[in-house]
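So the protein lines, in turn, are chains R and Y.
Counting from 1, position 267 in the first sequence corresponds to residue 267 in this note's numbering; the numbering is continuous, with no gaps.
Counting from 1, position 102 in the second sequence corresponds to residue 1102 in this note's numbering; the numbering is continuous, with no gaps.
A quick write-up on the structure given underneath.
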Amino acid sequence: MKEIMNQVYDMSSKFALGGIDIIAERGSLLGLKSFNGAISEHKVSSSQIIGVRVIKENRCGVSYTESFDKDSLAFMLQQAVNSSKFTKVNPHEMVQSPGGEKIQIEANHNQDESATLEEKMDATIELEKGTFKVDPSVKNSPYNGISEVAVEHASFDGHTFTQQKQKYLSAYTSALCERGEEKTMFWHSQLGRKMADIDFQKIINESVNTSVALLDVKKIESGQYPILFSPDMLESFTGIFFGSILSSKSAIEGTNPLKDKLGQMIASNQFTLIDDPTFQDSFFPSLFDAEGFDQKPITLIDRGEFKEMYTNTATAKELGQGHNCRASRSVKGTLMVNGTTLVIAPGKESEKNLLKGRYVELVKLDGLHSGAEAVSGSFSFGASGFLCENGERLHALKNFTVSGNFYEAMKNITAMGDQLHTTADQSFFAPSIIWGGITLAFG
Amino acid sequence: MFAKEKAQALIDHALSKGADFAEIFVEKNRQESLKIVGQDVQGITGGVDFGIGIRLIYGTQVLYGYTNSTELEELMRITNLIAKNEDPSTAAKAFGKIIPAKAFHPIENQLGNDFPLEQKLNYLKTMTQSMMDQGEKIVQANASSLQRHQSIMLFNSDGVAVEDERHYMRVVGQSVAQDGPDQTSGYEAPGAMQGWEFTNGVDPKKIGSQVAALALTKLQAKECPAGRMPVIIDNGFGGVIFHEACGHLLETTSVAKKASVFHDKMGEMIANPVVNAVDDGTIQNAWGSINLDDEGMATQHTQLIKDGKLESFLVDKVGAMQTGYERTGSGRRQSYKFAPASRMRNTFIEPGEHSLDAMISTIDKGIYCKKMGGGSVSPGTGEFNFASIEAYMVENGKVTHPLKAATLIGSGPEVLKQISMVGNNFELAAGMCGSVSGSIPTTVGQAAIKIDDILVGGQSA
């Protein structure tokens, strides 16, 4: 990849650019799916892509190609330069980097897989078969699979070369259960560096046990209840809004509704949010950002007070502050900002105290992509979960809606647990949190 | 783009490994995206995607590989990685001349050979200016366009050798309104299977004023009531209800796995007799239209439901092998990175006879959803959700005040029987649909419909 990026860099010299950064990626994939006791889909791939961001006369242009022949590379460069003629003059956006080589290739993240293809196929088939063994209510297991991914990402701007490589494997299964007229479906997944890291029985049990538990459904009165999200649902729910309010790019573009709230209380004083690129249990640690700058943990919300947004060199300059090394850029895109591993700091309540009394635990939210508006904070989703009391699930709740306003809900957090939990992909960490001000509606 | 001799060699090689069927999908995709914020050009992005997908079928088992390389050696390597090494099956049919797909969807201006960038950017700036002209409460005005030219070649062991050109054009207007601490947004995104000339029929001033008006209206919105009630869902993107509640459940992707609640309902009444529903890939220049599907079959008009009775599923090649139903030209995929699967095209409930006013007048207390957002469905249980982004309270047969956004939930079989009136104001609307073979352009549509009873997830319980 270094060779092709050098070639593009050399080719760019004729354009008298103010700067160029080049990103190249290549990867391979193995995907297996099973159904009816056999492998139903077997997918392999090898792929490559290269993209450029050019700065010319304080204007930025981007382009990319999946074809690496010389003509395609020349066309990509010409297209980026042509585009730059029309974009807004932005003296803040330059190609800036610390210089040198930044390499993140950790042996632990690039382990050789000892399992054979046949063993992976057997494991995929067993994911489906295993669901039927756990409970007779399981009538179907339509979605099962294993994906094995190897990715290499590199960038070069004539000054700094960065390179990251990693391999990982994910496995998932689903359980469609029936009892009388009642039908439920639940799926679960897990990520590992190699197949031996995956606890297949745990994936099966989580899928089946939750799906079966959701069959025991009763209705309750519509109204407001204390709410506990499962870790995966909490990440999905908060992610819709954090993506907007933590972005300095959105603030500059006017679509960050909390852009003027830095230094103000925006959440309960129990709530502290940290972006920690090297959090010890994170599956995706990050040593440097897309501009090559070393990353350190930053506190975004400190005991309810909005402290920082993600910035890169360009957004920080425009806002008149120092950057916090949260640049991101995809091969096809412009310079953006993004976080790493989000950690909601644990509170003081023991889990036992936290879960005293009645509350509703949400394990599935439907319509997350369409039922929320980040600008206003309003949300309305379909949901499944459980009515709980003193830490015990009393019965399932299904086919109801969950509605409210996220920015109000952040202020209505009533309790935070003292233990951290994580998501299936270990990219988000949070304690159990009891949320108030959320309305449930049952038919 | 790819020599048929190479394709022949690769398919012969795949069949020598015992595959019952082999297919090569070659794709070159050129795209250009423009974004205006206020009156500034925020971004111009574009590039070329290119790759080749190889699909082998053994029985009903699908083996798929892809690469960016056109080298026969690399394509053979990918084939060898997925192939089973069984005894050779019958020989592939030899290709004749590569046949261009019949172009049902003519275009005037192909990407890269159309209008100067200045002209396109000025069109979008007119849209954002129109938003800002709606008053000081409009604090953000964005407009963007996405233009795409996809060239494909498809070869298979049945002797099919075809090529097709697809042109997509979409414009997006988005505004943010603010009044004190309250912020709301408005959004419109029309699209077509056309070139930039599509914009001739899309007045940027009108789109701009519409999205600004929507954001401003929502500033006045009151909390939406929660609970079961009658709901009128208006035309156009309102058709997302049928897309989610029924369309996905009729794809053989879920039917074949018995992961659809309709898998055993062919020929049965699954909807109110007033419901007639269609999936049609032939509508000229519609966003979800195609010439050929991504398995090389000519597209068609498929009657899904007639007078409430289930008449057809959406069937791709593997779905046909698994279920025994005839293919419907519905095999679609996002790109060469995906094996095709049965997917929707332009899917809609056919118009009825009622006026919107007449339908609203039948409701004592309920909701009129003028504009819908997206949604999703769990095929196995039939449970779906979709979001209303512009809604009004209906009291005593009259529309009274705007309501905050709410999600409507239910199950497909249940809601299809609750549709009691279909209006006469039919309209189509563009959207993107995500599923097993990626994200593809699809159109939803309907005239206004009345659902007698559905759960509304409002804030006011």
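In this text, a Cβ means the ideal position worked out from N, Cα and C, and glycines have one as well.
- Nearest-angstrom beta carbon gap, GLU291 (chain R) and LEU300 (chain R) [assumed within contact, 8 Å]: LEU300 (chain R) to GLU291 (chain R), Cβ: 19 Å. No contact.
- Query: Roughly how many angstroms separate the alpha carbons of THR1252 (chain Y) and THR65 (chain R), rounded to a whole number?
  - Reply: Between the alpha carbons of THR1252 (chain Y) and THR65 (chain R) lies a distance of about 35 Å.
- Message: Please report the straight-line C-alpha distance between LYS259 (chain R) and ILE1054 (chain Y), rounded to a whole angstrom.
- Response: Rounded to whole angstroms, LYS259 (chain R) to ILE1054 (chain Y) spans 48 Å at the Cα level.
- Item | Min CB distance VAL1062 (chain Y) to chain R below 8 Å | The beta-carbon of VAL1062 (chain Y) is placed less than 8 Å from the nearest beta-carbon of chain R.
- Message: I'd like the list of long-range same chain contacts for VAL1160 (chain Y), defined as Cβ closer than 6 Å, with 5 residues on each side in sequence excluded.
- Response: For VAL1160 (chain Y), the CB contacts under 6 Å within the same chain, skipping 5 residues up- and downstream, are GLY1296 in chain order.
- Task: For PHE35 (chain R), return the contacting residues in chain Y, with the cut-off set at a CB-CB distance below 7 Å.
- Result: Here the neighbours are LYS1257.
- Query: Could you give the C-beta distance for LEU73 (chain R) and MET11 (chain R), rounded to a whole number, given that I count them as a contact under 8 Å?
  - Reply: With a beta-carbon spacing of about 6 Å, LEU73 (chain R) and MET11 (chain R) fall inside the 8 Å limit used to define contacts.
- Query: With 16 other CB atoms within 10 Å as the buried threshold, where does MET1001 (chain Y) fall?
  - Reply: Only exposed fits MET1001 (chain Y), as fewer than 16 other CB atoms lie within 10 angstroms of its CB.
- Would a check of beta-carbon distances place ALA441 (chain R) closer than 8 Å to chain Y? Interface residue, yes.
- Whole-angstrom Cβ separation of GLN1303 (chain Y) and VAL1274 (chain Y), contact assumed at under 8 Å? That belief does not hold up - the Cβ atoms of GLN1303 (chain Y) and VAL1274 (chain Y) are roughly 15 Å apart, past 8 Å.
- At what residue ranges does the segment 1325-1394 of chain Y contain a whole run of the alpha helix (DSSP H), taking only runs of 4 or more? Runs found: 1356-1360.
- Output yes or no for whether 8 Å exceeds the beta carbon distance between PHE381 (chain R) and GLY367 (chain R). Cβ atoms of PHE381 (chain R) and GLY367 (chain R): closer than 8 Å.
- Item | Beta-bridge pairing of THR1302 (chain Y) - partner residues as DSSP gives them | Per DSSP, the beta-bridge partners of THR1302 (chain Y) are Y:ASP1279.
- Starting from the C-beta of LEU1063 (chain Y), find all residues in its chain whose C-beta is less than 8 Å away, skip the five residues before and the five after it, and write them out in chain order. Here the set comprises ALA1019, ARG1055, LEU1056, ILE1057, ILE1082, ALA1083, LYS1084.
- Query: From the beta carbon of LYS219 (chain R), is the nearest beta carbon of chain Y less than 8 Å away?
  - Reply: No, its Cβ sits nowhere closer than 8 Å to a Cβ of chain Y.
- Item | Top-ranked residue by Cα proximity to ASN1385 (chain Y), from R:MET410, R:SER211, R:SER370, R:ASN205 | Per the Cα distances, R:SER370.
- Query: Using the C-alpha atoms, what's the distance from ALA372 (chain R) back to ALA213 (chain R)?
  - Reply: Inter-residue distance for ALA213 (chain R) and ALA372 (chain R) is about 28 Å (C-alpha atoms, whole angstroms).
- Message: Just list the residues that DSSP pairs PHE68 (chain R) with in beta bridges.
- Response: BP columns for PHE68 (chain R) are empty, so no partner.
- Query: Cβ of SER1151 (chain Y) versus every heavy atom of the ligand GDP: is any distance shorter than 7 Å?
  - Reply: Annotation note on the ligand GDP: not contained in the displayed structure, which lists no ligands.
- Task: Note down, in chain order, each residue of its chain lying with its Cβ closer than 6 Å to the Cβ of SER1254 (chain Y), except the 5 sequence neighbours on either side.
- Result: Apart from sequence neighbours up to five positions away, the residues of its chain that approach SER1254 (chain Y) with a beta-carbon distance below 6 Å are SER1260, PRO1379, ordered along the chain.
- DSSP state of PHE75 (chain R), grouped into three classes? Residue state, collapsed to three classes: helix.
- Query: By the criterion of Cβ-Cβ separation under 9 Å, what are the contact partners of ASP366 (chain R) in chain Y?
  - Reply: Under a criterion of Cβ atoms nearer than 9 Å, the residues of chain Y adjacent to ASP366 (chain R) are, in order, GLY1375, SER1376, VAL1377, SER1378, GLU1383, PHE1384, ASN1385, THR1407, ILE1409.
- Item | C-alpha gap between ALA1286 (chain Y) and ARG1170 (chain Y), whole angstroms | Each residue's Cα considered, the two are about 11 Å apart.
- Please determine, among Y:ALA1448, Y:ASP1164, Y:SER1209, the residue with the shortest C-alpha to C-alpha distance to PHE1025 (chain Y). In this structure, Y:ASP1164 is the residue among Y:ALA1448, Y:ASP1164, Y:SER1209 with its C-alpha nearest to the C-alpha of PHE1025 (chain Y).
- Message: So, for SER403 (chain R): in the same chain, excluding its five sequence neighbours on each side, which residues have a beta-carbon less than 6 Å away from its beta-carbon?
- Response: Within the same chain, Cβ atoms closer than 6 Å to the Cβ of SER403 (chain R) are found at SER380, THR439, the five residues on either side in sequence being excluded.
- Item | Proximity to GLN104 (chain R) [Cα-Cα], best of R:THR334, R:ASN82, R:GLU152 | Residue R:GLU152 is the option with its Cα nearest to GLN104 (chain R).
- Query: Who are HIS188 (chain R)'s beta bridge partners in DSSP?
  - Reply: According to DSSP, which records beta bridges pairwise, HIS188 (chain R) is partnered with R:THR173.
- beta strand (DSSP E) segments (min. 3 residues) lying fully within the segment 1051-1097 of chain Y: Those beta strand (DSSP E) runs which fall completely within the segment 1051-1097 of chain Y and span 3+ residues are 1061-1067.
- Mind listing the chain Y neighbours of PHE64 (chain R)? Cutoff is C-beta to C-beta under 7 Å, in chain order. The residue you asked about is not Phe; residue 64 (chain R) is Tyr in the sequence shown. For TYR64 (chain R), the chain Y residues whose Cβ falls inside 7 Å of its Cβ are GLY1047, in order along the chain.
- Query: Measuring CB to CB, does ALA1221 (chain Y) end up less than 8 Å from MET1359 (chain Y)?
  - Reply: Taking 8 Å as the Cβ cut-off, ALA1221 (chain Y) and MET1359 (chain Y) do not qualify as a contacting pair.
- Message: Could you give the first and the last residue of the continuous beta strand (DSSP E) run that contains LYS33 (chain R)?
- Response: Element bounds for LYS33 (chain R): 19-35.
- Item | Short-range partners of chain Y found in the segment 70-95 of chain R, where Cβ spacing is below 7 Å | Under the 7 Å Cβ criterion, the segment 70-95 of chain R contributes SER72, MET76, GLN79, SER83, PHE86, THR87, LYS88.
- Task: Measure the alpha-carbon distance for THR1486 (chain Y) versus MET1076 (chain Y) and round it to whole angstroms.
- Result: The shown model of chain Y, from 1001 to 1461, leaves out residue 1486 (chain Y), and the question about it has no answer.
- Item | ILE434 (chain R) to TYR407 (chain R) span [Cα, whole Å] | Distance between the alpha carbons of ILE434 (chain R) and TYR407 (chain R) is about 15 Å.
- Sequence-distant residues of the same chain with beta carbon closer than 6 Å to PHE429 (chain R), five excluded per side: Result list for PHE429 (chain R): VAL343, LEU420, THR422, in chain order.
- Message: Just to make sure I have the definition right: I need the residues of chain R whose C-beta is within less than 9 Å of the C-beta of VAL1231 (chain Y). Which are they?
- Response: Per Cβ cutoff of 9 Å: no residues; VAL1231 (chain Y) is ~13 Å from chain R at best.
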